[in-house]
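In the numbering used here, the protein residues as written are 39 to 251. Virtual Cβ for every residue (Gly too), placed ideally from N, Cα, C.
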């Protein structure tokens, strides 16, 4: 789920560039699990939640299904409102501090803030009759820590209208966040992969019923 609020000001009436500020909240609605384990959630609503607040320039040409927002100064706040996940240090927040007996003496933090730059946009194009492609992307880089490690969130969908009632969707979604760490594991070739960030890739194939009132 993504909620975005934006404010823009255009200095020249014929220009497609705007001075713009945006506020964006991204989170999930249901629990996430590390399958096949469905007992212990690894993510929840607002755990994580990402808040972006940035100002910069927006390019939005009239009559074109294209939008680009560039913010050289963006505050990114990661929320982890589930204390169990926060104590584990999930999604980049500071984890809990334990004493020698394993008792928590300092709970994990529920938020982490970063200052960096953001490039985001959307683009929709008609490939052929009844076939449309749309891209939504968001790139973020932190100035203060690990400069050059770019967080990526890029989703592409192709919509195919079979007839007036049936529509299909084929899509891909790529995500990379340097703050999201994965446990050590062995891959399909039996090689050990160390603890660290990973590129996440999702494929989508859906068929639905379309009815227009």
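Of the listed residues the options, nearest to residue i (C-alpha basis)
| i | options | result |
| --- | --- | --- |
| residue 114 | 186, 105, 62 and 67 | 62 |
| residue 155 | 72, 66, 108 and 236 | 108 |
| residue 123 | 79, 60 and 198 | 79 |
| residue 181 | 168, 243, 151 and 55 | 151 |
| residue 5 | 162, 196 and 238 | Nothing in the structure corresponds to residue 5, since the chain is present only between 39 and 251. |
| residue 247 | 221, 200, 214 and 215 | 200 |
| residue 72 | 243, 221 and 244 | 221 |
Rounded C-alpha distance that separates residue i from residue j
| i | j | result |
| --- | --- | --- |
| residue 172 | residue 160 | 7 Å |
| residue 106 | residue 205 | 28 Å |
| residue 110 | residue 249 | 43 Å |
| residue 184 | residue 217 | 10 Å |
| residue 74 | residue 59 | 42 Å |
| residue 212 | residue 158 | 14 Å |
| residue 178 | residue 53 | 26 Å |
| residue 227 | residue 45 | 50 Å |
| residue 91 | residue 241 | 29 Å |
| residue 50 | residue 235 | 44 Å |
| residue 164 | residue 215 | 31 Å |
| residue 208 | residue 168 | 14 Å |
Buried or exposed by the 16-neighbour rule on C-beta atoms within 10 Å, applied to residue i
| i | result |
| --- | --- |
| residue 137 | exposed |
| residue 166 | exposed |
| residue 116 | buried |
| residue 112 | buried |
| residue 202 | exposed |
Enclosing alpha helix (DSSP H) for residue i [first to last residue]
| i | result |
| --- | --- |
| residue 68 | First-last for residue 68: undefined, no H or E at that position. |
Endpoints, the beta strand (DSSP E) within which residue i is located
| i | result |
| --- | --- |
| residue 122 | Looking at the DSSP string, residue 122 is not in any beta strand (DSSP E); the run it does join, the alpha helix (DSSP H), is 121-125. |
| residue 208 | 204-214 |
| residue 109 | 104-117 |
| residue 201 | No beta strand (DSSP E) holds residue 201; DSSP gives it neither H nor E. |
| residue 97 | 87-97 |
| residue 39 | From DSSP, residue 39 is part of no beta strand (DSSP E); its letter is neither H nor E. |
- Message: Between the region 90-99 and the region 140-149, can you find at least three pairs of beta-carbon atoms closer than 8 Å?
- Response: no
- Item | contact_flag[the region 57-73, the region 84-95] where n(CB pairs < 8 Å) is 3 or more | yes
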